[in-house]
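>
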Amino acid sequence: MSLQIKSFEEYQDAYKKSVEQPEEFWAGIAENFFWKRKWHTVLNWNFKEPNIKWFEGAKLNITENCLDRHIYQNGDKPAIIWEPNDPSEAHRVLSYKQLLHKVEQFANVLKNNNVKKGDRICIYLPMVPELVIATLACARIGAIHSVIFGGFSAQSIADRINDAKCKLVITSDGSFRGSKTIELKSIVDDALMQCQSVDRVIVLTRTRTAISMLKGRDVWWEDEIKKVETQGNPACPAEEMDAEDTLFILYTSGSTGKPKGVVHTTAGYMVYAGYTFSNVFQYQPDEVYFCTADIGWITGHSYIVYGPLSQGATSLMFEGVPTYPDAGRMWDIVAKHKVNILYTAPTAIRSLMAFGDEYVDNKDLSSIRKLGSVGEPINEEAWHWFNDKIGKGKAPIADTWWQTENGGILIAPMAGISPTIPGYAMSPLPGVQPALMDENGKEIEGNDVSGNLCIKFPWPGMLRTTYGDHERCRQTYFATYEDMYFTGDGCYRSPEGYYRITGRVDDVLNVSGHRIGTAEVENAINMHSDVVESAIVGYPHPVKGQGIYAYVIANHHHDDINQTRQDILQTVTRLIGAIAKPDIIQFVTDLPKTRSGKIMRRILRKIAEGETSSLGDTSTLLDPTVVEAIIEGSKEFK
Ligand code: WT7
Numbered sequence: 001m002s003l004q005i006k007s008f009e010e011y012q013d014a015y016k017k018s019v020e021q022p023e024e025f026w027a028g029i030a031e032n033f034f035w036k037r038k039w040h041t042v043l044n045w046n047f048k049e050p051n052i053k054w055f056e057g058a059k060l061n062i063t064e065n066c067l068d069r070h071i072y073q074n075g076d077k078p079a080i081i082w083e084p085n086d087p088s089e090a091h092r093v094l095s096y097k098q099l100l101h102k103v104e105q106f107a108n109v110l111k112n113n114n115v116k117k118g119d120r121i122c123i124y125l126p127m128v129p130e131l132v133i134a135t136l137a138c139a140r141i142g143a144i145h146s147v148i149f150g151g152f153s154a155q156s157i158a159d160r161i162n163d164a165k166c167k168l169v170i171t172s173d174g175s176f177r178g179s180k181t182i183e184l185k186s187i188v189d190d191a192l193m194q195c196q197s198v199d200r201v202i203v204l205t206r207t208r209t210a211i212s213m214l215k216g217r218d219v220w221w222e223d224e225i226k227k228v229e230t231q232g233n234p235a236c237p238a239e240e241m242d243a244e245d246t247l248f249i250l251y252t253s254g255s256t257g258k259p260k261g262v263v264h265t266t267a268g269y270m271v272y273a274g275y276t277f278s279n280v281f282q283y284q285p286d287e288v289y290f291c292t293a294d295i296g297w298i299t300g301h302s303y304i305v306y307g308p309l310s311q312g313a314t315s316l317m318f319e320g321v322p323t324y325p326d327a328g329r330m331w332d333i334v335a336k337h338k339v340n341i342l343y344t345a346p347t348a349i350r351s352l353m354a355f356g357d358e359y360v361d362n363k364d365l366s367s368i369r370k371l372g373s374v375g376e377p378i379n380e381e382a383w384h385w386f387n388d389k390i391g392k393g394k395a396p397i398a399d400t401w402w403q404t405e406n407g408g409i410l411i412a413p414m415a416g417i418s419p420t421i422p423g424y425a426m427s428p429l430p431g432v433q434p435a436l437m438d439e440n441g442k443e444i445e446g447n448d449v450s451g452n453l454c455i456k457f458p459w460p461g462m463l464r465t466t467y468g469d470h471e472r473c474r475q476t477y478f479a480t481y482e483d484m485y486f487t488g489d490g491c492y493r494s495p496e497g498y499y500r501i502t503g504r505v506d507d508v509l510n511v512s513g514h515r516i517g518t519a520e521v522e523n524a525i526n527m528h529s530d531v532v533e534s535a536i537v538g539y540p541h542p543v544k545g546q547g548i549y550a551y552v553i554a555n556h557h558h559d560d561i562n563q564t565r566q567d568i569l570q571t572v573t574r575l576i577g578a579i580a581k582p583d584i585i586q587f588v589t590d591l592p593k594t595r596s597g598k599i600m601r602r603i604l605r606k607i608a609e610g611e612t613s614s615l616g617d618t619s620t621l622l623d624p625t626v627v628e629a630i631i632e633g634s635k636e637f638k
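Just so it is clear: in the sequence shown, position 360 is 360 by UniProt numbering, and no numbers are missing.
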């Protein structure tokens, strides 16, 4: 069975088969990959424990699928095109042959540094080709990568390193983002003061910022490569992995506690990332594909690295930010590299829209054939601007809904094949069986209905566990509804049966497409010595999608409450990272609580949204007058 669907009829057939004969269906798709040994069982599962195993018995290495197998016919095809932060610096192109060579070299560096199969490796790098090389080098030798987005703080890095007991960190001296230089190595140094498990740090030169190099612990990337070169044999055979061996851990926020390490395994993830990439974007062999995500997020893992490379695609990665040197940068990149497929986020679209059409009108976007959106619901205005200004009304938009836990896209149109409606992710991909659930745990059948979105059957790319805490995985995703994977999203199914994601139904915020847990931000704010208590809610934000609204009870130590505000922001930046900084901090003297002491976030959410006339039932509050005071105080921010 061929991997790529070519028409709507083929989609319908594939969907039907995937539901009626899921094992035959996925075995047929898996035939399109390179296996050292085939599976004996396609699927073994229950959602109770949960226990999910795909392609059991198979042996493979994902890097052979992403690199080696393309060499024979496509060795000189660009695998990675890298566009630097500063447009006056030269861009880089790595062919499949060159990328394989560099991955093998660096895999040998890892081996020289005593990395073994199953070891956890933390990668904290800017968006440079070496990030892809490091990631694939881990996979080459069976080490488990844990990539951390370059915007996270030392404390966040330490938490993640300690959770996974990483033994080695790969970082750079610094990173360039727009006009700023960020001192990554120094952030890592701070983190490592709390980490016992790390005995080696490999440091890539990028910014030439002065850094400290600790004897016995820190080594330079470039020196280590030279050592490998003098050792003679640059090749590094791919480690033979079991289908269900862990490929990577990626941390993501939930509604409670610290971020959890989502675990993805080798075979199912590979098949799913490759299949969905090929189909959603309808990738053709000559196309240049540009995903604007950072590899520190799942979108980058699946749709910059593993999905595109497994399909022999040309994947463009960009080091910088869309507004540097000006708000036309993305369109300059599209014109310069003749990008055919552009996959980006609503928050980026809204931010660029706000700069005005003069940054896009004079750009050559004629290469664009297909567009994609991911990360949050796309509002109609942004959809139309994307469609009209960027796609010139001719490029189909795939609004792709999925999550870190999913490994790949679950609900989306296939570009140019499926119908599209602004704001709709449309239909499930083959293999995906959505269900809308009501409050009583019953599935809502039929159309023109809304409910909590669940998936009732496993797909190959789904998470297997949360690292070191399987019970947390069960609790979070498989305990709310019996025999269902619960997504945490609300969803509407239209009269025609199309899906529209309406946003999170739990205490998880989506700020500029970044997932942030309210509890996490509250914990950080509460660490500030002047803070007594706090409550975080989301509110509609014109560019970020959701903004972070903080209600804080504080003892003002300064005369100037703005100073306290700045101190709180600094605390959050230190503990989590700048992405989690509240947009609004309202100081309050009390929070609305029930008699049992639970904060009524529903009311706080309404106030943050400015909908104070529809607060609903406040009779269960311990002290209803608290609400009046908070409403009064909120006027300052409207
Ligand atoms: C949450 C997952 C994997 C994509 C990047 C974010 C929201 C994601 C859409 C979309 C509406 C979307 C959901 C989801 N979301 N894509 N196309 N339409 N909402 O991954 O950080 O794991 O966040 O992002 O609320 O649950 P993530």
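C-beta: ideal position from N, C-alpha, C; glycine also.
Note that the structure is predicted; figures quoted are calculated from it, not measured.
1) Tell me whether Gly-510 is buried or exposed, calling it buried when 16 or more other Cβ atoms sit within 10 Å of its Cβ.
2) Would you mind sorting Ser-7 into buried or exposed? The rule is 16 or more other CB atoms within 10 Å of its CB.
3) Under the three-state reduction of DSSP, which class applies to Trp-54: helix, strand or coil?
4) Contact check, Leu-131 vs Ile-123 under 8 Å by CB: the rounded distance?
5) The ligand WT7 and Asn-543: does the residue's C-beta get closer than 7 Å to at least one heavy atom of that ligand?
6) Roughly how many angstroms separate the alpha carbons of Asp-567 and Ile-525, rounded to a whole number?
7) Under DSSP, the beta strand (DSSP E) around Ser-175 begins and ends at which residues?
8) DSSP three-state call for Trp-221: helix, strand or coil?
9) According to DSSP, Glu-533 sits in a beta bridge with which residue or residues?
10) So, helix, strand or coil for Pro-434, using DSSP?
11) Considering only C-alpha positions, which residue in the set Arg-565, Thr-573, Pro-592 is nearest to Gln-586?
12) Cα separation between Ala-143 and Ser-197?
13) Report yes if the C-beta of Trp-297 is less than 7 Å from at least one heavy atom of the ligand WT7; otherwise report no.
14) Look up Tyr-485 in the DSSP assignment and say whether it is helix, strand or coil.
15) Less than 7 Å between the CB of Ser-515 and some heavy atom of the ligand WT7, yes or no?
16) Do you know whose CA, among Gln-73, Arg-208, Asp-119, lies nearest Ala-313's CA?
17) Is the beta carbon of Tyr-303 sitting closer than 8 Å to the one on Gly-461?
18) What ranges does the alpha helix (DSSP H) occupy inside the segment 187–258, keeping only unbroken runs of at least 4 residues that lie completely in it?
19) For Lys-102, count the other beta carbons within 10 Å of its own beta carbon; 16 or more makes it buried, fewer makes it exposed. Which is it?
20) Specify the secondary structure class of Phe-318 as computed by DSSP and reduced to three states.
21) Please classify Phe-587: does DSSP put it in a helix, a strand, or coil?
22) Once the 5 residues before and after Ala-14 are set aside, which same chain residues still bring their CB inside 7 Å of it?
23) If I measure Cβ to Cβ from Gly-441 and keep anything under 6 Å in the same chain, skipping five residues before and after, which residues do I get?
24) Counting only the same chain and skipping the five closest in sequence on each side, list residues whose C-beta sits under 6 Å from that of Val-109.
25) Under 8 Å between the Cβ atoms of Gln-475 and Phe-457?
26) Anyone know if the C-beta pair for Ile-341 and Phe-277 falls short of 8 Å?
27) Pick out the complete beta strand (DSSP E) segments inside the segment 34–104, 3 residues or longer, and give them in chain order.
28) Is the Cβ-Cβ distance between Ala-345 and Thr-265 less than 8 Å?
29) Is any heavy atom in the ligand WT7 found nearer than 7 Å to the beta carbon of Trp-402?
30) For the ligand WT7, any of its heavy atoms closer than 7 Å to the Cβ of Glu-381?
31) In this structure, does DSSP put Ser-613 in helix, strand or coil?
32) Indicate the three-state DSSP secondary structure (helix, strand or coil) for Asp-286 in the structure shown.
33) Could you check which residue in Phe-106, Val-321, Gln-12, Tyr-477 has the C-alpha nearest to that of Ser-427?
34) Thr-135 lies in the alpha helix (DSSP H); which residues open and close that run?
35) Residues in its own chain within less than 6 Å of His-70 by CB, not counting five upstream and five downstream?
36) Quick one, are the C-beta atoms of Glu-533 and Leu-591 less than 8 Å apart?
On the basis of the supplied data:
1) The identity of residue 510 in the sequence shown is Asn, whereas the question assumes Gly. Asn-510 is classed as buried because its beta carbon has at least 16 other beta carbons within 10 Å across all chains shown.
2) exposed
3) Look at Trp-54 here: in three-state DSSP terms it is strand.
4) 7 Å
5) In the sequence as displayed, the identity of residue 543 is Val instead of Asn. Checking every heavy atom of the ligand WT7 against the Cβ of Val-543, none is found closer than 7 Å.
6) 10 Å
7) 175–177
8) DSSP places Trp-221 within a helical segment (H, G or I) once states are collapsed to three.
9) Ile-553
10) strand
11) Arg-565
12) 15 Å
13) yes
14) Tyr-485 sits in a strand when the DSSP states are folded into three classes.
15) Per the sequence shown, residue 515 should be read as Arg rather than Ser. For the ligand WT7, at least one heavy atom lies less than 7 Å from the Cβ of Arg-515.
16) Gln-73
17) No, the Cβ-Cβ distance between Tyr-303 and Gly-461 is not below 8 Å.
18) 221–230
19) buried
20) strand
21) strand
22) Ile-5, Pro-430
23) Tyr-481
24) Glu-224, Val-228
25) no
26) Contact flag unset, no.
27) 41–46, 51–56, 78–83, 92–95
28) Going by C-beta atoms, Ala-345 is not nearer than 8 Å to Thr-265.
29) yes
30) At a cut-off of 7 Å, the beta-carbon of Glu-381 does not count as near the ligand WT7: no heavy atom of the ligand is closer than that.
31) helix
32) Looking at Asp-286 - three-state DSSP - the assignment turns out to be coil, as it is neither helix nor strand.
33) Looking at the Cα atoms, Gln-12 is the closest of the given residues.
34) 129–141
35) Tyr-96, Gly-312
36) yes
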